[in-house]
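Notes for the one structure printed next.
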Amino acid sequence: MNIGLKTAILLILGFVQMTAQNPNWTAPNGSGFEFSANYIATIHLAGVPSNDAEDAVAFFKDGEIRGLGSAISLGNGMYRHFITIYAHEAIDTLDIKVYHKSTGLVYEVQQPIIFQVQGITGNVDDPYIINIYPDNDAPIRLLPVPAQFTLEGFAFPAIDMSAYLVQPDQFPVAWSFTPNPNLIASFQGSILSVTAIAGFTGQTQLVVRATEQSMAMGLEGESYASRAVQNQQFADVTITFNVTSTYLPPLWEPVIPDQGILLGEQFDTIALNDFENQFQQPFIKYDYLPIIAEKAPPLAPPDWQITKTPETTMNVVTKVNYTPKYQFHHEDDVLAAFVGSEVVGIAYRNAINGLYYLSIGSNNINDSVVSIKLYSGAMKDTLVIDSVFLYQPYAIHGSAENPFIIDFAPIAPVVPDLPVADGIYDMPVNILDKKFVGSVAFRFFALDPTYPQYLYDQTNATFCIARNSSELTTYYQDADGDGLGNPSVSVLACSSVPGYVTNNSDCDDNGTLAPGINLSVSETSGSAPNDNKICSGSPVNITATGGDSYLWSTSQTEAVISVNPTMTGSFTVTVTLTSGCSNSKSVNIFVEGTVVKNQDNAGDGSLRNVLECIAENGIITYDLPLINSTILTSPLIVNKNVSIHGTISLRPEIQVDFNQAAHGIEIQSNKNLILKNVDLISLQSNNNILIMGPGNLTISEQTKIRSN
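FYI, in the working numbering the residues of the sequence shown are 13 to 720.
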């Protein structure tokens, strides 16, 4: 059948062996198979439980027995059949045969079951029910069909009525309906198509009937069951249809612009209600899809191979995504696990459920970081996640019901699952891969929650991350299409933006040029003064010149403002002349926090820079699992009381390369350095001092100090 029911109703093929003897099936040898699953079942004959110790249930694959049940007494005359079934594939289809002692018949079930590795189906109190019908004429019924909705002028979505048919056997079914003057209905097989007549709005109903066709079944050979039924089995269901008067759809106007930022910055949050300006219903649904495009030039599929026989393995059942909105599904997709440069696992997409069953294994890789690569047939490119998890022998991540999610998208917007009131929603655009440089395009949807298939609009926007500011261009909105940009509405982007131009000359009706703006920044914190990089909360003075009045993004109106940023961001000033012309300019301020986001010896987000900015008795952490180490090539001076924390499962490493560093960490007098779940490692040491100074070093939990 085509619906999901807790009770398994299994269809009889019609073949029954007239014998009073058990077929004496022999249980398979489980050692000859790679995968297994378990069933706890009971047999119902025409809806009545069969509790006979000599009843038997067997599972087959192409005639080969894959599982044989054991009838176990529960007392009070009740039995359960405990079956272990085996397969060579993680997902497979198996047939079932039932020997029923009281009737002396073997029932060959027509509909197969889906084998899933390590699956446990049924239990003693709630067993998997196998229904059999000796006369081969089980009753049928129709499940309730949800109410149907459409807009005036549009057809209702087609309904496959077989999805609502509960039919233990598979004899032909004829579909019919009682005519309704407000509806035009027809059947094509089991597919019901319905359209309201012109001008009709409101609610009406249609009665649909399924009638099982009488027929005789007979097969040559020994005694077989036959079917010749005078009274046909039938079932009715009433479906409600609703037709609503049409109304204006959503409209992106203006369209969502592209955004470009430098590595280490964050994308601006997008107020979607500023761009959708037509829909008048109380709620609107926002959604998106990543735009999947081929790499130019395309990359050929890699020849990944496993070269070692593993001593141990760990297994991962994973769903591979590119944002939560897109699951990779190309026939050429290949997933591989790596430890360093060694291939330790390869998996291909399962055609039935779209998952990857990845077995990872090798020798001497315990606790090693496992990276994952995917060759995407749709993108013609190889995607990489450097650190996903640590290798643990015999560990299992995910299942068919709850797979482990691997998401290769470096950038992902966040939209709510539910419609939002009045369309008011500020959409974050998150950076998932902190090292990513490049662009990702998305198609954004504004949809009517009730009729999303009819009333919607879509627009594309690209988000890019560049290493250098020279790769970014400021584009100004050209709302009237005259080729002149509005200086007060601009975006940074890596390529041209539809509806935007590179000049900002559209100042006013007289064509007066927009004022030029100079911005200067004064600050003294961080590793160097006046470099627009500060410690969190430190004062910054920003001076603007070039206008008669000023309005900052902070709502301040002076030419000079003083701010104390606690996170990386930009400050924008709009400068206006007495003529009414205005222009805008922004300055980016990088704020050093308490999290190490750079493994280098120095630079933004490095341990050295974070230590420079951390407060007395502060705690430094790492951006795990993306950044899990620091490589020091010069001594690190600890001049304050500070703690550096990792986790037991992901311990970051502070490595001192004595090929370049004279010594390692120097702790100054009356200062204490605490390492908690952080390893301290010396590289290429030749009697170099790893830790020195009059201060104290405290280690706790799983911290290790060692040489490589």
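A virtual CB, placed ideally from N, CA and C, is assigned to each residue, including glycine.
Near the ligand COA: Asp104 beta-carbon under 7 Å from a heavy atom: As presented, the structure is devoid of all ligands, the ligand COA included, so that no description of it is given.
Short Cβ contact (8 Å threshold) for Leu685 with Ile666: The criterion of a C-beta distance shorter than 8 Å is not satisfied by Leu685 and Ile666.
Candidates Leu155, Thr485, Ile268, Arg718, of which the one nearest Pro219 by Cα: Note that residue 219 is Val in the sequence shown, not Pro. Nearest option by C-alpha distance: Leu155.
Per-residue burial, His100 [other beta carbons within 10 Å of its own, 16 or more giving buried]: Exposed, since its Cβ has fewer than 16 Cβ neighbours within 10 Å.
Three-way DSSP call (helix, strand, coil) for Val622 in this model: Under the three-state reduction of DSSP, Val622 is assigned to helix.
Nearest-angstrom beta carbon gap, Ala505 and Leu484 [assumed within contact, 8 Å]: The Cβ separation is near 7 Å, so the contact holds.
Cβ neighbour criterion (16 or more within 10 Å) applied to Thr580: Counting other Cβ atoms within 10 Å of its Cβ, Thr580 reaches 16 or more and is therefore classed as buried.
With 16 other Cβ atoms within 10 Å as the buried cut-off, status of Glu66: Glu66 comes out exposed.
Backbone secondary structure at Met391 - three-state DSSP: Looking at Met391 - three-state DSSP - the assignment turns out to be coil, as it is neither helix nor strand.
Start-to-end residues for the beta strand (DSSP E) that takes in Phe47: 47-57 is the extent of the beta strand (DSSP E) around Phe47.
Nearest-angstrom Cα separation, counted from Ile304 out to His56: Cα-Cα distance, rounded: 50 Å.
Nearest candidate by alpha-carbon position, reference Gln293, set Ser205, Ser383, Val432, Pro336: With distances taken between Cα atoms, Gln293 lies closest to Val432.
Closest residue to Asp469 among Ala58, Leu284, Trp187, Phe475 (Cα-Cα distance): Relative to Asp469, the option among Ala58, Leu284, Trp187, Phe475 whose CA is nearest is Leu284.
When Ala390, Phe416, Arg718, Asn613 are compared against Lys4, the one with the closest alpha-carbon: This structure cannot settle anything about residue 4, because the visible part of the chain is limited to 13 through 720.
Nearest neighbour of Pro124, chosen from Ser114, Gly134, Asp137, Asp104 [CA to CA]: Closest option to Pro124, judged by alpha-carbon separation, among Ser114, Gly134, Asp137, Asp104: Asp104.
Status (buried if at least 16 other CB within 10 Å, exposed otherwise) for Glu288: Per the 10 Å Cβ criterion, buried.
Residues near Ala349 by beta carbon distance below 7 Å, same chain, minus five either side: Correct list, in chain order: Val356, Gly357, Leu370, Ile372, Val382, Ile384.
Val587 versus Thr514: straight-line alpha-carbon distance, rounded: Rounded to whole angstroms, Val587 to Thr514 spans 19 Å at the Cα level.
Exposure label - Glu323; buried when at least 16 CB within 10 Å: Glu323 is exposed by the Cβ-count criterion.
Counted within 10 angstroms of its Cβ, other Cβ atoms place Thr330 as buried (16 or more) or exposed: Around the beta carbon of Thr330, 16 or more other beta carbons sit within 10 angstroms, so the residue counts as buried.
8 Å contact criterion, which Leu275 and Ile477 should meet: CB distance rounded: Going by Cβ atoms, the distance from Leu275 to Ile477 rounds to 6 Å, so yes, they are a contact pair.
Residues that Glu224 bridges to, as DSSP identifies them: In DSSP, Glu224 forms a bridge with Val185.
Element boundaries [beta strand (DSSP E), containing Val136]: Per DSSP, Val136 belongs to no beta strand (DSSP E) and is neither H nor E.
Proximity to Ile701 [Cα-Cα], best of Glu713, Thr710, Arg718: Nearest of Glu713, Thr710, Arg718 to Ile701, Cα basis: Arg718.
Buried/exposed call for Gly134, threshold 16 Cβ in 10 Å: Buried, because 16 or more other Cβ atoms sit within 10 Å of the Cβ of Gly134.
Enclosing beta strand (DSSP E) for Tyr98 [first to last residue]: Counting along the chain, Tyr98 sits inside the beta strand (DSSP E) bounded by residues 90-99.
Range covered by the beta strand (DSSP E) that runs through Ile649: Run containing Ile649: 648-650, per the beta strand (DSSP E) assignment.
Buried or exposed by the 16-neighbour rule on C-beta atoms within 10 Å, applied to Asp172: With fewer than 16 other Cβ atoms from the protein chains shown falling within 10 Å of its own Cβ, Asp172 counts as exposed.
Own chain, CB closer than 6 Å to His93, minus 5 neighbours either side, in chain order: Ala53, Val69, Gly81, Ala83, listed in sequence order.
Gly366 to Ser48 span [Cα, whole Å]: Approximately 20 Å, taken between the alpha carbons.
Exposure label - His112; buried when at least 16 CB within 10 Å: His112 should be labelled buried.
For Ser500, the three-state DSSP class (helix, strand or coil): If DSSP states are grouped into helix, strand and coil, Ser500 belongs with the strands.
Collapsed DSSP secondary structure at Leu636 in the structure displayed: Look at Leu636 here: in three-state DSSP terms it is coil, with no helix or strand label.
Limits of the unbroken beta strand (DSSP E) element including Lys297: Unbroken beta strand (DSSP E) run through Lys297: 295-302.
C-beta atoms of Ile546 and Gly558 nearer than 8 Å: Not closer than 8 Å, so no.
Test item: CB-CB of Leu195 and Thr216 under 8 Å: Contact check for Leu195 against Thr216 passes: the beta carbons are separated by less than 8 Å.
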